[in-house]
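Participant:
Numbering (this note's numbering), first residue to last: 390 to 514.
1. At 4 residues or longer, what runs of the alpha helix (DSSP H) sit wholly inside the segment 426-473?
2. Within the continuous beta strand (DSSP E) that includes residue 420, where are the two ends?
3. Alpha carbon to alpha carbon, what distance is there between residue 495 and residue 427?
4. Would residue 503 be called buried (16 or more neighbouring beta carbons within 10 Å of its own) or exposed?
5. Which same chain residues end up closer than 6 Å to residue 500 when comparing Cβ atoms and leaving out the 5 residues on each side of it in sequence?
6. Relative to the C-alpha of residue 440, which candidate in 486, 492, 418, 471 has its C-alpha closest?
7. Can the beta-carbon of residue 479 be found closer than 8 Å to that of residue 446?
8. Taking the C-alpha atoms as reference points, what is the distance between residue 469 and residue 454?
9. May I have the straight-line CA-CA distance separating residue 438 from residue 473, to the nearest angstrom?
10. Less than 8 Å separating the beta-carbons of residue 488 and residue 513?
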């Protein structure tokens, strides 16, 4: 494998998502993705619940974007929005974590006894 292939594999996925925040037209709640091979921009259907700028955002492998901070309303918390329709597993996992906030404190044996799979237990680390 040559250097360009390795570089593209590690650092340039085919697309990136952006939460715009602010433009010349004011504060925005839009999400956009850019295809890094064609440089084509596409507006996504999802929007943030409130606008912000000077924020930090990250997208999970499952397609949920978390946004932390931002200047608008000087919030210090985080917001999340799904960029894709989440799988039933992701929906269930989120509900389970909210209902049983102590799961991460249990031992792997206890979690297995509750019926969690090894894959889900790894996500708690």
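Ideal Cβ placement from N, Cα and C applies to all residues, glycine included.
It should be emphasised that the depicted structure is a prediction, and the values quoted were computed from it without experimental measurement.
Facilitator: The answer reads as follows:
1. Runs found: none.
2. Per DSSP, residue 420 is one residue of the beta strand (DSSP E) stretching across 419-424.
3. Spanning the two alpha carbons is a distance of roughly 47 Å.
4. By the neighbour-count rule (16 or more Cβ atoms within 10 Å), residue 503 is not buried but exposed.
5. Close CB contacts of residue 500 within its chain, under the 6 Å cut and outside five residues either way in sequence, are with 510 (chain order).
6. Ranking the options by Cα distance to residue 440, first place goes to 418.
7. Their beta carbons are not under 8 Å apart, which means residue 479 does not touch residue 446 by this criterion.
8. Rounded to the nearest angstrom, the two C-alpha atoms are 5 Å apart.
9. Their Cα atoms are separated by approximately 16 Å.
10. No, these two residues do not count as a Cβ contact at 8 Å.
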